[in-house]
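Below is one structure, written out as C-alpha cells; comments come after it.
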Amino acid sequence: MPEICRFFGIVISMNYNDHSPPHLYVHFGEMKAVIATSTLTLLAGYLSPRTFGLVMEWTALHQAELMDN
Numbered sequence: 003m004p005e006i007c008r009f010f011g012i013v014i015s016m017n018y019n020d021h022s023p024p025h026l027y028v029h030f031g032e033m034k035a036v037i038a039t040s041t042l043t044l045l046a047g048y049l050s051p052r053t054f055g056l057v058m059e060w061t062a063l064h065q066a067e068l069m070d071n
C-alpha cells in the first residue's frame with residue numbers, strides 16, 4: 003500500500019484499487035484507523051483525539067487532491 007504522507011510519526015497511506023468509499027489508512031504507534039476521504043469520518047479503528055485532529059487537518063487541506071486520485 004503506497005504511503006502518501008508521513009508527519010509527526012503519523013503514516014497515511016491509500017490503496018487505489020480498494021473498495022468504496024474512498025478512504026485512508028492511518029498508523030501511529032499502536033493506533034490504526036480508516037478514515038473516509040469524502041466525509042472525513044472515522045470508519046474503523048482508533049486514534050487519540052490529538053492524532054485524530056492532526057489527521058483531520060491534513061485530510062481537509064488535501065481533500066480535493068485525494069478525491070482526484
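Counting in the numbering used here, the sequence shown runs from 3 upward without gaps. The beta carbon of each residue, even a glycine, is placed where N, CA and C say it ideally should be. Values in this document were obtained by computation on a predicted structure and should not be read as measured data.
- In the DSSP assignment, Gly47 falls within the unbroken beta strand (DSSP E) covering 44-47.
- When secondary structure is reduced to three states using DSSP, His64 falls in the helix class.
- Taken atom to atom, the span from the alpha-carbon of Asp70 to that of Glu32 is near 30 Å.
- Boundaries cannot be given for Ser50, as no beta strand (DSSP E) includes it and DSSP labels it neither H nor E.
- Taking every protein chain shown into account, the CB of Leu42 has fewer than 16 other CB atoms within 10 angstroms, so this residue is exposed.
- Around Leu49, the same chain offers Val28, Phe30, Met33, Ala35, Val57 as residues with beta carbons nearer than 7 Å, after the five sequence neighbours per side are excluded.
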